[in-house]
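Residue numbers (my numbering): 2 to 772. Even glycine gets a Cβ: it sits at the ideal position worked out from N, Cα and C. Please read all numbers here as calculations on a predicted model, not as lab measurements. Written below as structure tokens is the structure these notes are about.
Okay, here's the thing in structure tokens:
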């Protein structure tokens, strides 16, 4: 039997030893890197030959199996599940689905499983795929590890507030190590959707409103998940999502339509995806939304013309959950058969949980409606990633690794570092913060002050409240002996508060030296299907805030949220935006309140004054009638300024920074040349602190109008009191390029304005000219 297996294996895979196939690499064999990464001991051409050899042997059903993904414990194919229930004698839907998966895997009709984790579970199914199916093709196990697996980091929006891609990469690396230790080898992250509307709940999952910052954060996460060698242990294949323009949903309502110009698509929403592709991302996920009349999961222009033909993407595209079937309610397809045809011809390679490819494509291929070449190409892409991931050589998960890496000290330290650097000090009137160690009493008030679940946010994978401290626990552990901490909830997160609860909060506040209010959203109020028409503090939280402020005692507000919120900021002297900071977030918050750390995060998204300003973003365009205070007939509101409450890039510190000596490399440069920009930053305050130095440009006159500012570089630096540092930027030639009125990208001659400072709202300026 062993000889038969060896013979079959050599014939199918070109002579690779059987024991390499099941995960025991031969000693002393180097694994050279090819254009797709270190995924094989053979050359890229040999690997392609290996893929072709497999495709020649595969039946149509086996090919479609590679293009099919189901969710563990659920069965969208009810008829087959019922049949399996009768055959296997199982009673529950989950058991029936598992038996179905085993059967499909054994028959080579399943290429990937979603939401299956744990070495025992994944190894069980993988063993069937590798050892019992005809061709032995391993499975991909996908999971949403959005900001940590068991060790939970700040939500991605909070991580973007660090403006520290290296630290974000480190967090993604830790998440990959933990997830892969439990059999996950494919992660549905990063989300690189640009979001300019904070009503959209999924703003929490991305890097905010700017394509440059979003690109930097997306690439950092791809590097962290995949490293330079996707085939190495402890990696997961990344998936950039949701392709494309999902963040522009009309009215911020999730799954809603998107109608934007090709110019806006290419200038704002596509760049983070292109950067991820250039950064080596293994897979992309097609989005739910209708884009200019063509649903994203049936859009050949974006998936084939742009992604593959223009950018040369070599990985594969998976649909989002049932987004192929949803082509029917979109009105884009009459039935499931047509939906499957539209999606596969557009370039969607793998069908997530619909079962449409498995059910509809056999007859569509046989009647010629879908060419076999399209199927073969989709299978090639999927097999290429499985090879790049090293699954043929190492299909199984070592069950002993998880106990060594899950919640390990290094990962918890990274979680704390990310939480610390994500904190944004929005306001600090009269230097209320930091709090002193001479306080004798502190009132801690708010529905999130003693909460260990919501502090984690949404999409928490295997995160658990038991691993997490509350702000109350962290505060009690930090204060000096003799300082009394009095806690009361004040009101629920949502809904009305009993009057006596707010009355009690006022009494607690009156009896204390200082009040810390911890307000914000519940974790499930952000993320998927969590759109809000109001982004105010939910429930009676603003009522609680006003009642506590009315006591006249000093109040510091800590916000936990997955989006910008509107609130009466002018009433509160100090405001610290903590996002949903994760497993070690409470400690980071308390450290910042007492200046054990100096907050240095900056906003990755504008905070509007009210919901009527939405969408609001710094990189807007001017109008023919720019706003003027003295002229009513200009582009402005009657009841509020145009400016946001807090602008993109804003963030205060317990120290101060001065900018001086802005120097350009030249007053004039030839088109295609880089420009060097230097500026000196000095810590003029009493404490060491971090400053994010931000470089913006404006193309003053172009053949198509340009934004008033565009971020083109940033550095996070740390300075001690009195220390100065000259920061150097290289403004690359292609960063000056734009799309002309014919939608051709290039660098137009003319004047550019450079702005360098601590936010998008201020900085030193200089001009240069491109000839």
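Let me check understanding here. Comparing Cα to Cα, which of the options lies closest to residue i?
i           : options               : result
residue 1   : 509, 721 and 606      : Nothing about residue 1 can be read from this structure; the chain reaches only from 2 to 772.
residue 315 : 150, 362 and 385      : 385
residue 647 : 716, 606 and 735      : 606
residue 246 : 201, 237, 226 and 279 : 201
residue 134 : 536, 549 and 106      : 106
residue 621 : 644, 612, 757 and 635 : 644
residue 438 : 592, 169 and 425      : 592
residue 141 : 186, 157 and 120      : 186
residue 542 : 577, 661 and 522      : 522
residue 346 : 330, 366 and 360      : 366
residue 279 : 308, 512, 417 and 260 : 308
residue 751 : 705, 235, 564 and 402 : 705
residue 727 : 113, 660, 139 and 64  : 660
residue 612 : 565, 448, 570 and 580 : 565
residue 275 : 213, 698, 765 and 429 : 213
residue 377 : 729, 63 and 708       : 63
residue 118 : 177, 690, 240 and 47  : 177
residue 193 : 686, 500 and 217      : 217
residue 511 : 670, 442, 692 and 381 : 442
residue 741 : 594, 337, 725 and 703 : 703
residue 143 : 97, 608, 72 and 490   : 72
residue 380 : 418, 111, 230 and 361 : 111
residue 312 : 497, 277 and 171      : 277
residue 215 : 683, 136 and 604      : 604
In the DSSP assignment, what residue or residues form a beta bridge with residue i?
i           : result
residue 274 : BP columns for residue 274 are empty, so no partner.
residue 106 : Answer is none; residue 106 lacks a bridge partner.
residue 240 : 284
residue 727 : 681
residue 70  : 113 and 353
residue 292 : 259 and 295
residue 716 : 694
residue 700 : 753
residue 766 : 756
residue 118 : Looking at the DSSP assignment, residue 118 forms no beta bridge with any residue, so it has no partner.
residue 268 : Answer is none; residue 268 lacks a bridge partner.
residue 567 : 537
residue 446 : 489 and 518
How should residue i be labelled, buried or exposed, when 16 other C-beta atoms within 10 angstroms of its C-beta is the threshold for buried?
i           : result
residue 285 : buried
residue 770 : exposed
residue 823 : There is simply no residue 823 to check, as the chain begins at 2 and stops at 772 in what is shown.
residue 492 : buried
residue 626 : exposed
residue 431 : exposed
residue 197 : buried
residue 262 : exposed
residue 601 : buried
residue 373 : exposed
residue 634 : exposed
residue 15  : At residue 15 the pLDDT is 42, less than 50, meaning the model places this residue with poor confidence; the figure from the coordinates comes in the next sentence. Exposed.
residue 251 : exposed
residue 495 : exposed
residue 697 : buried
residue 761 : buried
residue 700 : buried
residue 364 : exposed
residue 636 : exposed
residue 310 : exposed
Ordered list of alpha helix (DSSP H) runs contained in the stretch 462-517, each at least 4 residues
472-479 and 500-511
For the structure I just gave you, are there three or more beta carbon pairs, one from the stretch 477-492 and one from the stretch 526-533, closer than 8 Å?
no
Minimum length 4: unbroken alpha helix (DSSP H) runs contained in the stretch 581-610
If only uninterrupted alpha helix (DSSP H) runs of at least 4 residues are considered, those enclosed by the stretch 581-610 are 586-594.
Going along the chain, which unbroken runs of the alpha helix (DSSP H) with 4 or more residues stay wholly within the stretch 154-227?
157-161, 166-181 and 212-227
Would you check if there are 3 or more beta carbon pairs closer than 8 Å linking the stretch 115-134 to the stretch 382-400?
yes
Would you call the stretch 218-230 in contact with the stretch 431-446, where contact means no fewer than 3 C-beta pairs closer than 8 Å?
no
Counting only runs that start and end within the stretch 628-668, where is the alpha helix (DSSP H) found for 4 or more residues in a row?
none
Touching or not, the stretch 461-469 and the stretch 144-159, by the rule of three or more beta carbon pairs under 8 Å?
Three or more beta-carbon pairs separated by less than 8 Å link the stretch 461-469 to the stretch 144-159, which places the two stretches in contact.
Enumerated in chain order, which unbroken segments of the beta strand (DSSP E) with a length of 3 residues or greater are wholly contained in the stretch 523-560?
none
Quick test of the definition: if touching needs 3 or more C-beta pairs under 8 Å, does the stretch 540-557 touch the stretch 403-412?
no
Which runs of the alpha helix (DSSP H) at least 4 residues long sit entirely within the stretch 317-386? Give them in chain order.
337-347 and 357-367
Taking one C-beta from the stretch 343-363 and one from the stretch 413-433 each time, how about it: are there three or more such pairs within less than 8 Å?
With contact defined as three or more Cβ pairs closer than 8 Å, the stretch 343-363 and the stretch 413-433 are not in contact.
The stretch 225-242 contacting the stretch 283-300, beta-carbon criterion three pairs below 8 Å:
yes
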